[in-house]
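The structure under discussion appears below in the form of structure tokens.
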Amino acid sequence: MQLTEARAGRAGAARLLTPFRRTLLALCVIGAPALGGVLPEDRADVMWHNYNGGDITVQGPSVLVQKRVGDSLAFSAGYYEDMISSASIDVKLSASPYHETRKQQNVGVQYLHGKTTYSMGYIHSKEPDYIANTTYYSISQDMFGDLTTVTLGYRRAWDQIFRDIKQPDGEIVNDPTFHERADHRGYSLGISQILTRNLIALFNYELLADQVYPNTRTSNSASIELKYYLPWRAALNGNYRFFRDTWGVVANNVEADYTWPWRQWIFDGMVRWYTQKHADFYSDLFPYANYQNFMARDRELASFTDWTVGFGASYQFNVPGVPWISKSTANVRYDHLFIDYKDFRNALLAGEYGAGNEPLYKLDANIFQIFVSIWF
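Shown next as structure tokens:
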């Protein structure tokens, strides 16, 4: 299975993060520069995704098309939609269950000149209470006999934040008294190194500056990845990522993948472990209102550990009578996510156990992905 296709499925649960983080996930898939001085192939992907867990359902279609023009220019365009139905623990504690739709469009261009690849693009995302606009740019250079590829990237985002209110007739509209803005800047460095005939190493570093509550946040992340190609055409992949930000969140992520081709099939298996320390201003229970300047009981800022186990299969087939399609694949993927919170309790049970004594919250989620790819 294509690397970006597999990772898109694994990232399904993370779509439940902030709208900007969800936009970054799309950027990881559509905005990655070509490696090895080669433009992406002409192809189209059509996908349906479904996430179900924690009383939240997220589903919708996605379309991505990539087309080369000559030997040095390539364009891409995509559409992504999330239809969200939520009655999560956060919603039950402070609001009513809701249904909304998030729509995202993106365009991109890549230009290859010698051993240098220039990339740029634009992503627009809109949902009832959040509008996100992101531009991204990168330059990728092959060197040392094409054994090393260095990529520098920059992205800039301007987001608008609204607050929904319910009218007496039940209609949900934006509160005219509330309109905020969040700005984001990201800088990245990537190095791909061919170590041996069968081993490739990748290093990535990212600096991200967010202007969100409490007003500013700067994060740093670094990862190293090894890809080893086995004699029977299979491949092993290992990845470690470290994250730290100025809110006090520290996270570690370890992932291992195995890809095995068999006849017209390609099978993929993955296991991922993630652990996170809570933000400095986070608490599951505050002694009184306005206890400190910045207060949060946001479970994404809590301490937790999660495991993800995933499996995928891809089947290659020909489309009879359509000579302009060179290759086609039908793909299916399933991931299961387990999250154990260390300091976020199920406050819905406060009446039964008493505040501060409730059981710690746990979340299980299933992520399905079905998609078809064609090369032309």
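Take the sequence shown: its letters are residues 629 to 1004, numbered as in my numbering. C-beta atoms are modelled at their ideal positions from N, C-alpha and C, and glycine is treated no differently. Model, not experiment: these values are computed from the prediction.
Among residues of its own chain, excluding the 5 on either side of residue i, which ones have a beta-carbon nearer than 7 Å to its beta-carbon?
| i | result |
| --- | --- |
| Tyr943 | Gln892, Trp893, Thr957, Ala958 |
| Asp971 | His906, Asp912, Ala930, Ser931 |
| Gly688 | His677, Glu709, Asp710, Met711 |
| Glu728 | Ile712, Glu755, Pro756 |
Quick one: Cα of residue i to Cα of residue j, how far?
| i | j | result |
| --- | --- | --- |
| Gly897 | Gly940 | 6 Å |
| Ser766 | Arg872 | 24 Å |
| Ser816 | Arg783 | 9 Å |
| Asn918 | Phe909 | 12 Å |
| Val950 | Met675 | 21 Å |
| Thr762 | Ile751 | 5 Å |
| Arg900 | Leu858 | 21 Å |
| Val1000 | Gly706 | 15 Å |
| Gly659 | Pro948 | Confidence at Gly659 is low in this model, with a pLDDT of 44, below 50, so its placement is unreliable and the value that follows should be read with caution. Between Gly659 and Pro948, the C-alpha separation is close to 33 Å. |
| Gln788 | Gln732 | 15 Å |
| Pro661 | Pro668 | Any reading at Pro661 needs caution, since the residue's pLDDT is 42, under 50, leaving its predicted position unreliable; the model's value is listed next. The alpha-carbon atoms of Pro661 and Pro668 are separated by roughly 9 Å. |
| Leu991 | Phe703 | 39 Å |
| Val878 | Asp838 | 16 Å |
| Ala641 | Leu965 | Residue placement at Ala641 is flagged as unreliable, the pLDDT there being 36, under the threshold of 50; the coordinate-derived value follows with that caveat. Each residue's Cα considered, the two are about 8 Å apart. |
| Ser700 | Phe870 | 36 Å |
| Asn826 | Phe945 | 28 Å |
| Pro889 | Glu808 | 50 Å |
| Asn881 | Gly698 | 40 Å |
Is there a C-beta anywhere in chain C that falls below 8 Å from the one on residue i?
| i | result |
| --- | --- |
| Glu709 | The structure shown contains no chain C, having only a single protein chain. |
Please return the same chain residues whose Cβ sits closer than 6 Å to the Cβ of residue i, not counting the five positions on each side in sequence.
| i | result |
| --- | --- |
| Gln769 | Thr744, Val778 |
| Tyr833 | Leu817, Ala850 |
| Glu853 | Leu830, Asn867 |
| Gly814 | Arg783, Leu836 |
| Asn848 | Leu835, Arg872 |
| Lys955 | Trp1003 |
Quick check on DSSP: helix, strand or coil for residue i?
| i | result |
| --- | --- |
| Asp1016 | Here the chain has residues from 629 to 1004 only, and residue 1016 is not among them. |
| Ile953 | coil |
| Val947 | coil |
| Leu965 | strand |
| Arg925 | coil |
| Ala975 | helix |
| Ser911 | coil |
Note the first and the last residue of the continuous alpha helix (DSSP H) segment covering residue i.
| i | result |
| --- | --- |
| Glu980 | 978 to 981 |
Between which two residues does the beta strand (DSSP E) holding residue i run?
| i | result |
| --- | --- |
| Arg891 | Unbroken run through Arg891: none, as it is neither H nor E. |
| Ala863 | 863 to 873 |
| Asn918 | Premise fails: Asn918 is in no beta strand (DSSP E) and is neither H nor E. |
| Phe996 | 988 to 1003 |
Could you pull out every unbroken beta strand (DSSP E) segment of at least 3 residues lying fully inside the region 770 to 844, listed in chain order?
776 to 794, 800 to 822, 827 to 838
Taking the runs of the beta strand (DSSP E) that are 3 residues or longer, which of them lie wholly in the region 674 to 756?
684 to 697, 701 to 714, 726 to 741, 744 to 755
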